[in-house]
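Numbering (the working numbering), first residue to last: 3 to 928.
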């Protein structure tokens with residue numbers, strides 16, 4: 003038969019349906035793009051028998067012919083992932099200027115140039131350019147995730163074509179090719195396995211499972227989750243052991259890894275809360291400046307009789323004063339300082355705005371294995387007919403725990419311990435002070451158990467040399483080894499799935515009792531292995547399946563667990579105190595995940611939702627369920643993406659952890675994607691905003707703390723800087739309205755803005771966390787950058803600064819000391835007032851009248867010293883007097899200015915206390 007369009011797309015039957023009456027052809031009808039679709043069930047190759055798969059794809063044990071390969075390559079294309087679209091570097095740089103606040107700053111530069119202040123205009127433009135360069139360097143890397151996926155595809159593959167084994171480029175594979183796999187191979191395409199021999203595949207990058215998956219060829223239910231499809235080998239996964247033959251069922255974007263690539267490309271990155279807030283603030287601020295400028299211009303011309311040119315210049319002077327030209331640079335520096343602090347806490351930030359977004363996080367979705375747990379299997383319980391024992395400690399260090407129970411396990415459980423050591427291919431070694439396992443983690447845990455029980459593993463293995471073995475295979479689900487005992491006899495030791503060994507046991511075993519004990523261990527989150535033995539004659543030299551199929555002596559069961567990290571439970575408690583929900587999303591079984599969740603107090607009564615249940619829900623149902631669910635088990639990449647979107651639909655800010663390729667789409671979708679630095683794939687790291695160097699959940703909570711501190715500091719910068727501009731603007735506006743001389747020139751306004759931004763403005767970026775920062779609830783995504791309380795502070799401080807400076811201005815004029823001296827007094831009053839206001843704003847939620855608040859940090863004191871030196875230069879240096887029109891002042895002038903500044907701080911502290919007692923602002927009540 004030819005594999006033509008009619009076969010694939012199907013011909014209409016007599017009844018108007020797509021059935022042809024030919025079962026094999028009916029199956030081919032459902033083939034779309036190299037993937038079988040059956041009754042709405044995508045990727046159902048695992049539900050077909052191996053011979054049906056080959057028949058559907060018109061292939062066989064000998065492989066495809068050259069003509070068929072050419073035809074299929076033309077239809078399906080090469081086995082490659084599409085290259086990600088790249089933005090032109092120039093366009094990416096220009097995009098950094100696409101921000102309303104940047105437009106305002108450029109307008110300020112234009113205003114300065116219209117006033118013939120080329121230097122001031124150049125300074126503003128330099129600030130804008132610096133901000134753009136930093137953004138260009140920090141952003142735009144996430145699209146490399148698609149490129150890193152290509153590295154997971156093997157460059158060559160061994161295939162059968164026309165009954166000959168040949169090596170071809172992976173890109174040349176087509177659906178229907180017969181691929182040969184061996185240990186160490188990277189799977190080159192999605193394969194339906196048709197023959198396996200002790201096949202183990204590391205699928206962690208797709209499923210998140212730390213234990214290798216055993217493979218066989220038996221058909222599975224159509225709704226089997228991805229992690230349970232034991233007859234499939236997926237592109238990009240690694241063959242850990244054994245051999246297999248498989249038929250290619252999907253290539254390129256039709257593979258599981260290709261679908262993830264498509265999902266990454268389809269995900270639209272969400273704007274961070276800070277960027278949204280700054281953009282909203284900048285738009286409103288722009289309209290305020292424009293409308294206010296037009297109204298003031300009309301008033302000056304129509305009411306005060308200004309010449310329109312003079313009025314325009316006055317309005318431009320106000321615009322120069324009101325535009326916070328240093329704000330973007332200070333915000334960027336504040337974020338950069340947060341990056342440095344987080345790096346000290348083992349969290350590397352790849353995208354600058356993510357620093358602040360962490361502070362808004364209201365939900366953390368985390369993987370289980372290696373993040374909440376140690377990723378080190380540990381024996382927790384041993385149950386034999388002669389006794390029961392519990393094992394303490396975690397990890398692979400034999401000295402980090404002990405065996406508890408009576409009678410001593412070394413005597414009552416000797417046979418079980420020997421079986422655990424001998425029916426075992428792992429090695430336990432100490433290197434650089436750390437114990438490490440070479441081989442299967444569960445077998446390594448058995449060696450740790452033996453050492454904790456006082457056994458000498460090397461001596462036992464030397465005394466019981468191995469004669470033969472039956473390696474573990476998914477088909478029979480056990481491993482057996484034949485040994486010569488010290489007396490010359492032969493003994494076989496067997497370990498495997500409990501239900502398998504129950505069926506092999508000699509008559510008389512209470513199977514119901516042992517089944518219940520195994521079920522109890524499994525329900526507490528333990529993985530359970532059963533153990534047995536059988537003796538043979540002294541000359542028994544080989545071991546066959548028939549030898550151990552029945553008649554074995556059942557020795558007992560051992561329960562394993564991947565224990566939680568010690569520091570995770572306190573970190574989760576801290577997250578809960580900060581009103582942050584923590585949700586576990588894992589590929590592991592629900593029972594295991596729930597057991598870990600209970601140990602960590604993930605929720606008061608944690609509830610689990612499985613991938614199968616998620617699959618049956620529409621988006622609305624999932625959104626209604628997701629907030630009350632603490633554990634999501636047996637999840638696929640699509641499930642994780644839907645979970646993140648469901649949480650975001652409630653307005654929540656979501657941080658998502660991940661390490662595998664399967665995690666890349668949800669990492670990119672999340673507000674903050676957090677990749678694992680140790681076990682994470684390149685794809686996950688490229689899609690994430692943050693990388694954890696220690697793969698530790700506690701580091702995420704520490705990063706959230708730093709994120710909240712960064713946001714607090716950004717608000718402090720804004721709350722401190724805007725009143726300066728507001729006070730300047732208010733004094734100039736009053737001068738125009740009331741018709742008196744301008745208290746400051748445009749050049750003096752720019753001087754105030756410049757010296758304050760480069761000294762005190764930067765100091766607030768280094769402020770430490772306020773007490774109680776992790777006892778506050780996360781802010782809402784739609785919360786304004788200037789909360790009602792901060793807006794009140796901006797208004798009241800602007801008015802107080804204007805009153806103080808105008809009072810100083812008219813006092814000096816009344817003394818007959820001249821306009822230049824009065825303006826010099828005003829400039830110094832603004833600077834001194836901002837110094838005292840700095841101490842007030844360092845603690846937005848607490849009083850600043852404390853020893854720590856008054857002293858400040860060393861950086862605060864240094865910045866004040868630099869600012870005082872600059873102001874002395876402005877006031878007394880002759881060349882500065884010529885440039886800025888300033889004049890020298892007396893000591894009495896300085897004392898008066900300082901006294902007014904101190905009074906200003908006292909008034910603001912009393913205002914802060916009054917606002918807390920009146921409870922007008924919810925921010926002060928939290």
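In this text, a Cβ means the ideal position worked out from N, Cα and C, and glycines have one as well.
Since we're looking at a predicted model, the values are computed, not measured.
Quick one: residues in its chain with C-beta nearer than 6 Å to the C-beta of residue 477, no 5 flanking neighbours on either side, listed in chain order? 218
From residue 66 to residue 682, what does the alpha carbon distance come to, in whole angstroms? 37 Å
Are the Cβ atoms of residue 589 and residue 563 separated by less than 7 Å? no
Which of the three DSSP states, helix, strand or coil, is assigned to residue 488? coil
Measuring only the C-alpha atoms, how far is residue 231 from residue 672? 28 Å
May I ask you to report which of helix, strand or coil DSSP gives residue 566? strand
Between the CA atoms of residue 434 and residue 915 - distance to the nearest angstrom: 57 Å
Mark residue 714 as exposed unless 16 or more other C-beta atoms lie within 10 angstroms of its C-beta, in which case mark it buried. buried
With distances taken Cα to Cα, identify the nearest neighbour of residue 447 among 475, 471, 403 and 463. 403
Taking the alpha-carbon of residue 657 as reference, which of 356, 374 and 750 has the nearest alpha-carbon? 356
I'd like to check one pair, residue 418 with residue 484: are the Cβ atoms closer than 7 Å? no
Please identify the residue among 781, 797 and 733 whose C-alpha is closest to the C-alpha of residue 725. 797
Determine the direct distance from the alpha carbon of residue 637 to that of residue 457, and round the result to whole angstroms. 40 Å
Could you please give me the residues that DSSP links to residue 535 through a beta bridge? 495 and 555
Within 10 Å of its beta-carbon, does residue 93 have 16 or more other beta-carbons around it, so buried, or fewer, so exposed? exposed
Unbroken stretches of the beta strand (DSSP E), 3 residues or longer, contained in the region 579-665: 583-587, 610-612, 633-635 and 656-660
Using a Cβ-Cβ cutoff of less than 6 Å, which residues in the same chain neighbour residue 910 once the five nearest sequence positions on both sides are dropped? 842
From residue 918 to residue 262, what does the alpha carbon distance come to, in whole angstroms? 51 Å
How should residue 702 be labelled, buried or exposed, when 16 other C-beta atoms within 10 angstroms of its C-beta is the threshold for buried? buried
Using beta-carbon positions only, say whether residue 814 and residue 804 come within less than 7 Å of one another. no
So residue 361 is in the alpha helix (DSSP H); what residue range does that whole segment cover? 356-361
Is there contact here, the region 162-174 with the region 580-600, by at least three beta-carbon pairs under 8 Å? no
Where residue 98 and residue 134 are concerned, what is the direct C-alpha to C-alpha distance, given to the nearest angstrom? 5 Å
Where does residue 518 land, buried or exposed, given buried means 16+ other C-beta within 10 angstroms? exposed
For residue 560, which residues does DSSP report across the bridge? 384 and 531
Measuring only the C-alpha atoms, how far is residue 474 from residue 689? 37 Å
State buried or exposed for residue 289, treating a residue as buried only when at least 16 other CB atoms are found within 10 Å of its CB. exposed
Neighbourhood of residue 896 by C-beta distance below 8 Å, restricted to the same chain and skipping five residues each side: 830
For the beta strand (DSSP E) that residue 888 lies in, which residues bound it at each end? Residue 888 -> no beta strand (DSSP E), and no H or E assigned at all.
Among residues of its own chain, excluding the 5 on either side of residue 388, which ones have a beta-carbon nearer than 6 Å to its beta-carbon? 414
Candidates 507, 81, 177 and 222: which alpha carbon is nearest residue 48's? 222
At the 7 Å Cβ level, is residue 127 part of the contact set with chain C, yes or no? You won't find chain C in this structure, because it holds only one protein chain.
Residue 810 versus 832, 650, 421 and 795, residue with shortest Cα-Cα distance: 832
DSSP puts residue 367 in a beta bridge; with which residues? 585 and 658
Can you find at least 3 beta carbon pairs, one from the region 334-351 and one from the region 751-768, that sit closer than 8 Å? yes
Can you name the residues that DSSP bridges to residue 240? 188 and 204
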